[in-house]
Structure formats: C-alpha cells, structure tokens
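Here the sequence shown is numbered in our numbering, starting from 2 and rising by one per residue.
Glycine included, each C-beta is placed from N, C-alpha and C at the ideal position.
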Amino acid sequence: MFTHWRIFAVSHQKVFSVSVFFFFFFTMCYCRIRAILKRSKTRVPLRRNYSSPPGVVGNDVKSLHSVINPPVAKIRNIGIMAHIDAGKTTTTERFLYYSGYTRALGDVDDGDTVTDFMAQERERGITIQSAAVTFDWKGYRVNLIDTPGHVDFTLEVERCLRVLDGAVAVFDASAGVEAQTLTVWKQADKHKIPRICFLNKMDKTGASFNYAVESIREKLKAKPLILQLPIGEAKTFKGLVDVVNKEKLLWNSNSDDGKDFERKPLLEASDPELLKETIEARNALIEQLQTAIHRVTLAQAAVPVLCGSALKNKGVQPLLDAVTMYLPSPEEREYGFLQWYKGDLCALAFKVLHDKQRGPLVFLRIYSGTLTPQLAIHNINRNCTERMSRLLLPFADQHVEIPSLTAGNIALTVGLKQTATGDTIVSSKSSALAAARRAGRGEKRHGRSSEAESLLLAGVEIPEPVFFCTIEPPSVAKQPDLDHALERLQREDPSLKVRLDPDSGQTVLCGMGELHIEIIHDRIKREYGLETYLGPLQVAYRETILNSVRATDTLDRTLGDKRHFVSAELEARPVEAAAGMAVIEYADCVSEDLAQASREAIENAVHSACLQGPLLGSPVHDVAIKLHSLTIHPGTSTTMVNACISRCIQKALKKADKQVLEPLMSLEVTVTRDYLSPVLADLAQRRGNIQEIQTRQDNRVVIGFVPLAEIMGYSTVLRTLTSGSATFALEFSTYQAMSPQDQSTLLNQRSGVAQVL
C-alpha cells in the first residue's frame, strides 16, 4: 500500500510529498466531477497530468541513464497519421494509459486529452498542432507524435514525418481510405516511412474490415499483411484473432478501461468457421512474407494491418506490440549524410514553440552525437552559434528536464533564439566544415556535381498560402505588439505568411485555409491579449502572361555631382511548365561583363517586380525574364540598376496579354443516396468538375475539383442541403487559368464596377 504520493515538479526539480489521504480524497472528487460533466455533456477543459515522469512506476524510480538514454535498438520514433476524426488522438490517449503514463482515460469530446492541450483543440475536438509524447512499453522507448488530420495543417504532418522512423496510419473502418489519408500516405511515401495500418472504430455502425482492407489495396496501392481479424463487426465487435499465433483476444465486457482481456487458442471444436478463416489468412500471410514481417515492413514492400476500437478500448495493446516488433529502430534507417559526421553531433530542428516563461522551445531529432545542457551548437542554415540552456524530454505541454540525450531520440531545447524549422544543428562550425570536406570528397568519388552542402541541409517544403486577409490592431499604439505576436507565430508555423501591403500599408495574413486563419486570429487574442480585426477573407490568385513581349527603359539621374545611368532591354515570355516564381536568363553579351553586385541587383529587381502583377496586384508566376542588353555608367549605384530593371519589367507585363490563375481544390463529399442530387446540383453552380461518384457502404462519395473562390462557406451550405448528414474534405490541387468570362467578372468586382443582375 502506498504511503505517499509523489509528484515530480519538473520546472523546479523538487520532490513533494502529499499524504495518501489527500490522494484518495482528490481522486474521489475528480471522479465525481468527471461523472457529473459526462452526464451534463458540458465541455469544460480539465487539466490532465501524467501519473509519473518517464521510468517512474508507483514509487519505484529506474536508473536515470537507462530511462533517458535507452539502447538505440530499443527506440521507436513514430507518428500517428490519418484523416480527420479517424481516432488518432484517442489511440494516442490509450497508448499513454496502457503504458502507465496517465491515471485516467482522456476523451476528445470532454476536452481532456493529453496531446490536444491547446484551448482551440479542446473546444473544436480536433488536433491543430502536432504534439510529442514519450513513454515506455515492454522495455522499448516510444517517442510518439500525434499529428493533425485537417488539410489546413498539412505542414504539421510534413515536418514531423521528416524526423520519424515509422508511422501508424489510423483508418475509420466504416470509411476506409479517405481524402486526407491519401495526402498523409503520399507524404510518408516521400520520406520512405515504414507504416502499420490500424483499422479503428470496428464497433461503429457500418464498419467493414474487408472493405477497409480492399480500399488500402486499391487506393493506396499498398500490399496489406493481415495480422488480425475482427471477431464481429459494428455492434457485434468483441475482440480480435491473432493470425500469426492462431489465438483469440477477447475483452471482458465488464472492464471499463480495456485492460482486462484474455488470449485463447482457436479450436476447431468451438470456432470451426473462425479457425478456417484464420488458417486461410495465415497461409496467405506466410506466402506473402517469405521473410520476417519486420523486414518486409522496413522495406515498405507491404503494410501490416491490425484492427480494433480505441474508443471502446479494444485492440490498442496489440497495436503497441506491433509498433515495437515491426517498425524500425533509428539504427535500421539509412541516412546517407551521417557518414560525413563520424559520430559528431548532427540534429534537425523540426518544430518551434514559444513558452511565456522559457522563451522559444525547439524540437530536435538527434541523428548522431549527444546533446547536453549549456552546450554551444552551430546552426548551418543560419551560419550562427547559439547556446542551449536546458534540455527536456517532450510530454505534450509538460516536460521533464534531463542531463543528456543521445542519437535516435527526440529532444526539446531551451535557449535557441535563432533556430527555425528545417535548420541543421551541429556541434561547431569546424565540425560542419569537416563534414563538408568529407562530403565533397564523396561527391567527387561518385562523380556527382551537386554541392556538398546539399547533403548537410535537410529542409521541409513549405506550401504556398491560398487565402489571405488584412489584420489590424485595436490602435496604432498596439501595432508593435501585433508585429511581435505575428513574428512568433510565423516562427512556430512556417505555412503562415505575413506581408505588408505597399499601397494601403496594412498587414496581410496569408494562410492555408479558413480554419487556419481563424485559429491564428484566436491565438493572437488568447495568447497575446490583442483584440485584432480581420478584413474579408480573399483568395490568393496569381497572374501570368500569354505571349512574349520586349520592353526597354532608361534611367538617367544626377545626384549631387554623380551621374547614374542605366539602360536595359529585356524580354518577358510565358513558361509552359509550372516554374513558380520568375526564371531569370541572360544573353551571352550581358552575362560576360556583368559584375556580381549588378547581378544581385537585377535578380532582386525581377523578384520584386513580379510580386505584384498588373491585373490584381497578385504575384506573377510561370514567366521567364531574359535580359538582352544592359548599359551601366561607371559609378552607377546598384539601387539605380534595381529601379531601372524593375520599371522595365513592369512595362513588359503591362504590354503582354495577361491571364489570372485561380487555386483549384480537390473535393470529396460523402453523402447518402437521398441527398446526392441536390449536392451535385449545388456543385454545378459552383463551377465544380465532377470526376467520379464512388460507392462507400451505403453512402456515395463525390470526387471532383472546384475553384477555391466558389467553396468558401461550403460547410454551412452542405449542412443545410443534407440535414447535417454529409461530410466533405478539401485539398489544394493546382492553379488553373480562369475562363475569359470568369476573369472579366472577377476584375469588375475588384474594380468596384460589378453590375447588379
């Protein structure tokens, strides 16, 4: 019997003791409050705490070194990824409970889960920020990151997968592969992440194991390895069959938390049909594998498939076992750049948070070497040296201070004020130079021409924003506070862009969607105490040209006793392939005698001139600018060169035939057959292009494309059309040219002369 309840106060590193009486008194009160809240359905956030820091079970504390730095073969760095509302956070919550790191099961609907700790997440019941937690399971250290499922926060998934060794893909067994499932699966393919599939919600009405498996095979083009079969589906779901061991896993119906389950061998006498299915699945499994499941998973030749219901506490422990058995350890992953470091420190910063007390908190994945507090590190990307003051193990919004951390782990550092997402961290500048020399020799030996630095810098692709709106502080005096808040939020979230409108002087927010900008606005209010005002949400259009044009410009000014003279002739032409920002080319006669300073001034002029097109003031894309002639008087400043080239480009763009490009979204609407017709009619009015209509159980899935401008506020309309029964998912697809009629209508609206029909 416990004599004391020990709470480890992480921030002060002190141990407090509270008598057992108060522990049981608090527990009883907490349980009563929780029961009342469940009955009342009132969503009141309850702060959750880990029952103990890592390695603490009851009052027994393991060796600090063995807890903090387990053998690298015993480490699993994994992510949970899925479509929104497939059950990622609930599965994570069960992981923490069954591994002994929480005392009670959290519930997304109650707003008391460990990883959804932001106020916005608890109110909406969705994951917005990725959250890292660390726990132990049967001798293995699991560093887990719970990622968002909403399309507006795709970057959160991207930058987390970049540093992980494996992932658990969670599926709604009644829906199978959904829109965002495809997106995150492609991201995992990009980073070559081995995966395990967990068919969640087997207890849900409409759940179908066979349908979900088939959708993985057909839509993801993956080879499922069926390691488990469900015993019953939907309301009859009560357990699993372990195909490998030919055992039944049955959960006690009287067990509220799912800890009480038993394994029973499958016998022909009691389960003839189930045994027959299991033998067939097992034979197919053995035929597919040839070698161990672990090696097949690591090679990404197939994906193990398991099933269960996280909400009903079934199938989570076997899933944890599968994570440790089938997903790779850090040493089983191949990272070519590590050979240049020879065991010296190499880490990647993949996420930044701001804490009011500690300042910026930087998440690092350590690939080689060791991190310790007060260590001076060198940031290759920023070419600067910083000193980290403290080193922490991440536990959602609670952290444990540690004395060191070795390769293979995920760390949280305090004190790095310059480091941002995608930066590579090494022990010193000399270490970086030594690695670069080794990499350079390796490049020459293998006959490659790319720069050695490309091996050292590992970044994350930042998607371009598709929405923007103005944001204003409550008063001019609060503008510096708003700038400070936006600077911090941009560092946390690289997909958020902030710019200054050159005409109005207003601050403009650019984001990935309506929800993204709404969350940023709410965070500014809650975290920084600023009541800001948002302008109307607008679509981020682009512009391009349709034909080649030439333009000339001359700038001749005398400032003081110095004459500045620049004369230029250039050509602007469309680029067929999607080139993004402007491509810069030089005629042979120009490039030969061009000084480096003048070249930089020209390139800056091209990029700045293409930031605002002549039609809408939107960025100009998919163009090439070729400089045919350039005359610069000796002593002319680079500022004058910049001004002349910029003015010449603007002349060329105005002369050319111009085209507006609008963002096109991939749309997936899941609707019952009764409401299919009104949904299709509504999409036709929104300039939607329907690609196909699929059947998913009793529902219909409409797949197509629709312009972003036509889909704003669609959730309210769809809810009205279908009496709240339909759901939809959006994802940015590409930019497409507008028809002449639609472009004319848009330009008239922007100029304020749109006719009222």
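Leu228 and Pro305: beta carbons closer than 8 Å?
-> Taking the sequence shown and counting its residues from 1, one reaches residue 228 at position 227. Taking the sequence shown and counting its residues from 1, one reaches residue 305 at position 304. Their beta carbons are under 8 Å apart, which means Leu228 touches Pro305 by this criterion.
Contact check, Glu515 vs Ser549, beta carbons under 8 Å = Here the question's residue 515 lines up with position 514 in the sequence shown. Here the question's residue 549 lines up with position 548 in the sequence shown. Against a cut-off of 8 Å, the Cβ pair of Ser549 and Glu515 comes out as no contact.
DSSP state of Pro475, grouped into three classes?
-> Within the sequence shown, numbered from 1, the residue matching residue 475 stands at position 474. In the structure shown, Pro475 sits in coil (DSSP, three-state: anything other than H, G, I, E or B).
Can you tell me whether Asp675 is buried or exposed, with buried defined as 16 or more other CB within 10 angstroms of its CB?
-> Stepping through the sequence shown from its first residue, residue 675 is reached at position 674. An exposed status is given to Asp675, since fewer than 16 other beta-carbon atoms sit within 10 Å of its beta-carbon.
Can the beta-carbon of Arg163 be found closer than 8 Å to that of Phe351?
-> Taking the first residue of the sequence shown as 1, we reach residue 163 at position 162. Taking the first residue of the sequence shown as 1, we reach residue 351 at position 350. Going by C-beta atoms, Arg163 is nearer than 8 Å to Phe351.
Would you report the Cα separation of Asp272 and Ile694, rounded to the nearest angstrom?
-> Looking up residue 272 in the sequence shown gives position 271. Looking up residue 694 in the sequence shown gives position 693. Approximately 40 Å between the Cα atoms of the pair.
Between the region 532 to 546 and the region 649 to 669, are three or more C-beta pairs nearer than 8 Å?
-> Yes: at least three Cβ pairs fall under 8 Å.
Ordered along the chain, which non-local residues of its own chain (more than five positions away) have a Cβ less than 7 Å from that of Ala710?
-> Within the sequence shown, numbered from 1, the residue matching residue 710 stands at position 709. Taken in chain order, the residues that qualify are Val540, Glu663.
Distance, Cα to Cα, Gly80 vs Val297?
-> As a position in the sequence shown, residue 80 is number 79, starting the count at 1. As a position in the sequence shown, residue 297 is number 296, starting the count at 1. Going by the C-alpha atoms only, they are around 19 Å apart.
Is DSSP giving Val45 helix, strand or coil here?
-> On the sequence shown, position 44 is the one that residue 45 refers to. Per-residue confidence for Val45 stands at a pLDDT of 34, beneath the threshold of 50, marking its modelled position as unreliable; the derived number appears in the next sentence. DSSP places Val45 in coil when its eight states are reduced to three.
Whether Gly705 touches Gly689 by CB criterion (8 Å) = Start at 1 with the first residue of the sequence shown, and residue 705 comes out as number 704. Start at 1 with the first residue of the sequence shown, and residue 689 comes out as number 688. With respect to the 8 Å criterion, Gly705 and Gly689 are classified as neighbours on the basis of their beta carbons.
Kindly indicate which three-state DSSP category Arg751 falls into: helix, strand or coil?
-> Position 750 of the sequence shown, counting from 1, holds the residue named residue 751. If DSSP states are grouped into helix, strand and coil, Arg751 belongs with the helices.
Residues bridged to Lys315 by DSSP?
-> Taking the sequence shown and counting its residues from 1, one reaches residue 315 at position 314. Under the DSSP definition of a beta bridge, Lys315 partners with Ser310.
Straight-line gap, Ser476 to Leu612 (C-alpha atoms, nearest Å) | Residue 476 sits at position 475 when you count from the first residue of the sequence shown. Residue 612 sits at position 611 when you count from the first residue of the sequence shown. Across the structure, Ser476 and Leu612 are spaced so that their CA atoms are roughly 29 Å apart.
DSSP on Ser745, reduced to helix/strand/coil?
-> Walking along the sequence shown from the start, residue 745 turns up at place 744. Per DSSP, reduced to three states, the secondary structure at Ser745 is helical.
Could you give the C-beta distance for Trp252 and Lys315, rounded to a whole number, given that I count them as a contact under 8 Å?
-> Position 251 of the sequence shown, counted from the first residue, corresponds to residue 252. Position 314 of the sequence shown, counted from the first residue, corresponds to residue 315. Going by Cβ atoms, the distance from Trp252 to Lys315 rounds to 5 Å, so yes, they are a contact pair.
Do the region 486 to 498 and the region 463 to 471 meet, that is, are 3 or more Cβ pairs less than 8 Å apart?
-> These segments touch.
Hey, how far is the Cα of Ala596 from the Cα of Asp623?
-> Reading the sequence shown from its first residue, position 595 is the one you call residue 596. Reading the sequence shown from its first residue, position 622 is the one you call residue 623. The C-alpha of Asp623 is placed about 27 Å away from the C-alpha of Ala596.
Best match in Gly259, Asp261, Leu276 for proximity to Leu267 [C-alpha to C-alpha] = Position 266 of the sequence shown, counted from the start, is the residue given in the question as residue 267. Out of Gly259, Asp261, Leu276, the CA that lies nearest to the CA of Leu267 is found in Leu276.
For Trp252, the residue or residues it bridges with in DSSP | Taking the first residue of the sequence shown as position 1, residue 252 is located at position 251. The partner list for Trp252 (beta bridge, DSSP) reads Phe262.
Rounded C-alpha distance that separates Thr182 from Pro72 = Counting from 1 along the sequence shown, the entry for residue 182 is found at position 181. Counting from 1 along the sequence shown, the entry for residue 72 is found at position 71. Those two C-alpha atoms are separated by around 33 Å.
Over what stretch of residues does the alpha helix (DSSP H) that includes Ser599 continue unbroken?
-> As a position in the sequence shown, residue 599 is number 598, starting the count at 1. Per DSSP, the continuous alpha helix (DSSP H) segment holding Ser599 begins and ends at 597 to 610.
Whole-angstrom distance between Glu473 and Leu531, CA atom to CA atom = Translated into positions along the sequence shown, residue 531 becomes position 530. Translated into positions along the sequence shown, residue 473 becomes position 472. Spanning the two alpha carbons is a distance of roughly 10 Å.
On the DSSP bridge assignment, give the partners of Glu402 in chain order.
-> The count along the sequence shown starts at 1 and reaches residue 402 at position 401. Per DSSP, Leu393.
Alpha carbon to alpha carbon, what distance is there between Ala644 and Gln742?
-> Mapped onto the sequence shown, residue 742 falls at position 741. Mapped onto the sequence shown, residue 644 falls at position 643. Per the coordinates, the alpha-carbon of Gln742 lies some 35 Å from the alpha-carbon of Ala644.
Whether Ala730 touches Glu159 by CB criterion (8 Å) = If you number the sequence shown from 1, residue 730 lands on position 729. If you number the sequence shown from 1, residue 159 lands on position 158. For Ala730 and Glu159, no; Cβs fall outside 8 Å.
CB-CB under 8 Å to Ser780, same chain, minus the five flanking residues each way: which ones, in chain order?
-> What is shown of the chain runs 2 to 758, which leaves residue 780 out entirely.
DSSP state of Lys563, grouped into three classes?
-> Residue mapping note: residue 563 aligns to position 562 of the sequence shown, counting from 1. Lys563: strand per DSSP, three-state reduction.
Asp190: first and last residue of the uninterrupted alpha helix (DSSP H) it sits in = What you label residue 190 is simply residue 189 of the sequence shown in a count that begins at 1. Asp190 -> alpha helix (DSSP H) spans 180 to 191.
C-alpha distance - Thr206 paired with Lys236, whole-angstrom precision | Taking the first residue of the sequence shown as 1, we reach residue 206 at position 205. Taking the first residue of the sequence shown as 1, we reach residue 236 at position 235. Looking at the two C-alpha atoms, the distance is approximately 7 Å.
Could you check where the alpha helix (DSSP H) with Leu791 kicks off and where it finishes?
-> The structure shown does not extend to residue 791, since the chain is modelled only from 2 through 758, so no value can be given for it.
Give the DSSP bridge partners of Gln737, in chain order.
-> As a working note, residue 737 is residue 736 in the sequence shown. Partner(s): Glu663.
Could I get the ranges of all uninterrupted beta strand (DSSP E) runs contained in the region 644 to 728, with 3 residues as the minimum, in chain order?
-> Counting only runs of 3 or more residues that sit fully inside the region 644 to 728, the beta strand (DSSP E) segments are 659 to 673, 690 to 697, 700 to 708, in chain order.
Identify, in the order they occur along the chain, each residue of the same chain with its Cβ nearer than 8 Å to the Cβ of Asp504, setting aside the five sequence neighbours on each side.
-> Within the sequence shown, residue 504 is the residue found at index 503, counting from 1. Sequence-distant partners of Asp504 (beyond 5 residues in either direction) whose C-beta falls short of 8 Å from its own C-beta, in its chain, are Gly618.
What is the rounded straight-line gap between the Cα of Lys249 and the Cα of Leu97?
-> One-based indexing of the sequence shown puts residue 249 at position 248. One-based indexing of the sequence shown puts residue 97 at position 96. Each residue's alpha carbon lies about 24 Å from the other.
With DSSP collapsed to three states, give me the class of Leu354.
-> Numbered from 1 along the sequence shown, position 353 holds the residue referred to as residue 354. Three-state DSSP puts Leu354 in a strand.
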